[in-house]
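Just so you know, the working numbering puts the end of the sequence shown at 1420, numbered straight through with nothing missing.
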Amino acid sequence: MQDRAKATREAILAGAASIFEELGYGRASLSQVAVRAGVTKGALYFHFPSKEELARAVIAEQHAFITADNTAVLERGLPPLESMILICRRFAGNLLAEPIVRAGIRLTLEASSFDQDVRQPYSDWVALMSGLASQAQRRGQLRDGLDPAGFGQFIVSSLTGVQIVSAVLTERADLLERVEDMWMILLPGVVTDGLKSQVPALARYSGAPLGQHS
């Protein structure tokens, strides 16, 4: 793709993210996206012939963004439990900071409006968390007898619910705090005895070595 066409496509996706986040799929129009993106309708239709295709592209962009961010966490070589917690925290931070993430998540929840299969992003996320849970169990961070696959799916389900309720009640103003609460509630029942004294620090984990939390 030529640089100019790429820049136009990126502008359209940014405009679409803003409109979809604000209005949702049903109320959004391509005309509104074109105005927000600062492009002509012709340029928009060249890249995205329908609102459905544009919504799918926003979801794909959001999934790629989160996947790249998760990969960056994994490349740090942290212990697996800390990686799980940090991935959740960074997801919450990206929801607060990145319009493409907020729009993609809203569209995912509205996917039945445009016949979009959204299982793959969730399947990828569950597989990631389940794999980390299995590693954490082998490393002695999570107790024996815990089902890593079930725990991974439960974390994804819990975080999804936490962000939805936070969005409804406070427009996500308390999201990071609620994610910490989620881990404070979950960790005592799943970590090994040797880690129970570290539960408060783990729940607040933001990437610094344990013991350096504010």
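C-beta atoms are modelled at their ideal positions from N, C-alpha and C, and glycine is treated no differently.
In this text the structure is predicted, and so the values were computed from the model without any measurement.
Assign Leu-1284 to one of three DSSP states: helix, strand, or coil.
Here residue 1284 refers to the residue found at position 78 when the sequence shown is read from its first residue. The DSSP-derived three-state label of Leu-1284 is coil.
Distance, Cα to Cα, Phe-1226 vs Ala-1234?
For the purposes of this step, residue 1226 is taken as residue 20 along the sequence shown, with counting starting at 1. For the purposes of this step, residue 1234 is taken as residue 28 along the sequence shown, with counting starting at 1. Straight across, the Cα-Cα distance linking Phe-1226 with Ala-1234 is about 6 angstroms.
In this structure, does DSSP put Leu-1348 in helix, strand or coil?
Looking up residue 1348 in the sequence shown gives position 142. The answer is strand: DSSP assigns Leu-1348 an E or B state.
Ends of the alpha helix (DSSP H) at Phe-1360?
Here residue 1360 refers to the residue found at position 154 when the sequence shown is read from its first residue. Segment 1354 to 1376, the alpha helix (DSSP H) holding Phe-1360.
Could you tell me which residues DSSP pairs with Val-1397 in its beta bridges?
Within the sequence shown, residue 1397 is the residue found at index 191, counting from 1. For Val-1397, which the question treats as bridged, DSSP gives the partners Leu-1348.
Quick check: the stretch 1290 to 1297 against the stretch 1328 to 1347, are at least 3 beta-carbon pairs closer than 8 angstroms?
Yes, since at least three Cβ pairs between the stretch 1328 to 1347 and the stretch 1290 to 1297 fall closer than 8 angstroms, the two stretches touch.
Use the C-beta contact count for Tyr-1231: other C-beta atoms within 10 angstroms, 16 or more gives buried, fewer gives exposed.
Numbered from 1 along the sequence shown, position 25 holds the residue referred to as residue 1231. Tyr-1231 comes out buried.
Give me the residue from Lys-1402, Val-1279, Glu-1386 with the minimum Cα distance to Gln-1347.
For the purposes of this step, residue 1347 is taken as residue 141 along the sequence shown, with counting starting at 1. Looking at the Cα atoms, Lys-1402 is the closest of the given residues.
Rounded to a whole number of angstroms, what is the C-alpha to C-alpha distance between Thr-1376 and Ala-1303?
Residue 1376 sits at position 170 when you count from the first residue of the sequence shown. Residue 1303 sits at position 97 when you count from the first residue of the sequence shown. Looking at the two C-alpha atoms, the distance is approximately 16 angstroms.
Other residues of its chain near Gly-1310: CB distance less than 6 angstroms, five sequence neighbours each side excluded:
As a working note, residue 1310 is residue 104 in the sequence shown. Around Gly-1310: Val-1264, Ile-1265, Gln-1268.
Please determine if the stretch 1340 to 1360 and the stretch 1280 to 1288 are in contact, where contact requires at least 3 C-beta pairs separated by less than 8 angstroms.
Touching, per the Cβ criterion.
Going along the chain, which residues of its own chain have a beta-carbon closer than 6 angstroms to the beta-carbon of Trp-1331, five neighbours each way excluded?
As a working note, residue 1331 is residue 125 in the sequence shown. Answer for Trp-1331: Val-1362, listed in chain order.
Where Val-1374 falls, given that 16 or more other Cβ within 10 Å makes a residue buried:
By one-based count along the sequence shown, residue 1374 stands at place 168. Result: exposed.
If you compare alpha carbons, which of Ile-1272, Gln-1238, Leu-1352 is closest to Tyr-1328?
Against the sequence shown, residue 1328 aligns to sequence position 122. Comparing Cα-Cα distances from Tyr-1328 to each of Ile-1272, Gln-1238, Leu-1352, the minimum goes to Ile-1272.
When DSSP labels each residue in this structure, what does Phe-1254 get in the three-state scheme?
Here residue 1254 is taken as the residue at index 48 of the sequence shown, counted from 1. For Phe-1254, the secondary structure class from DSSP, reduced to helix, strand or coil, is coil.
Would you say Ala-1220 and Ala-1243 are within 8 angstroms of each other, going by their C-beta atoms?
Residue 1220 sits at position 14 when you count from the first residue of the sequence shown. Residue 1243 sits at position 37 when you count from the first residue of the sequence shown. Going by C-beta atoms, Ala-1220 is nearer than 8 angstroms to Ala-1243.
Please find out if some non-hydrogen atom of the ligand HEM comes closer than 7 angstroms to the beta-carbon of Val-1264.
In the structure shown, the ligand HEM is absent, as is every other ligand, since no ligand is present at all.
May I ask you to report which of helix, strand or coil DSSP gives Thr-1277?
Within the sequence shown, numbered from 1, the residue matching residue 1277 stands at position 71. Helix at Thr-1277.
Less than 6 angstroms between C-beta atoms, sequence neighbours within five positions excluded: which residues of the same chain meet that for Glu-1216?
Within the sequence shown, the letter at position 10 stands for residue 1216. Same-chain partners within the cutoff: there are none.
Our contact map puts Ser-1412 next to Pro-1305 with C-beta atoms below 8 angstroms; I'd like the distance itself, whole angstroms only.
On the sequence shown, residue 1412 is found 206 positions in, with the first residue counted as 1. On the sequence shown, residue 1305 is found 99 positions in, with the first residue counted as 1. The Cβ separation is near 23 angstroms, so there is no contact.
Assuming Gln-1238 is part of the alpha helix (DSSP H), what are its boundary residues?
To locate residue 1238, count along the sequence shown from 1; it is residue 32. Residues 1236 to 1243.
Tell me whether Tyr-1328 sits in a helix, a strand or coil according to DSSP, three-state version.
Walking along the sequence shown from the start, residue 1328 turns up at place 122. Tyr-1328: helix per DSSP, three-state reduction.
Can you check whether the CB of Lys-1257 is closer than 8 angstroms to the CB of Leu-1236?
In the sequence shown, residue 1236 corresponds to position 30, counting from 1. In the sequence shown, residue 1257 corresponds to position 51, counting from 1. Yes; because the gap between Cβ atoms is below 8 angstroms, this pair is in contact.
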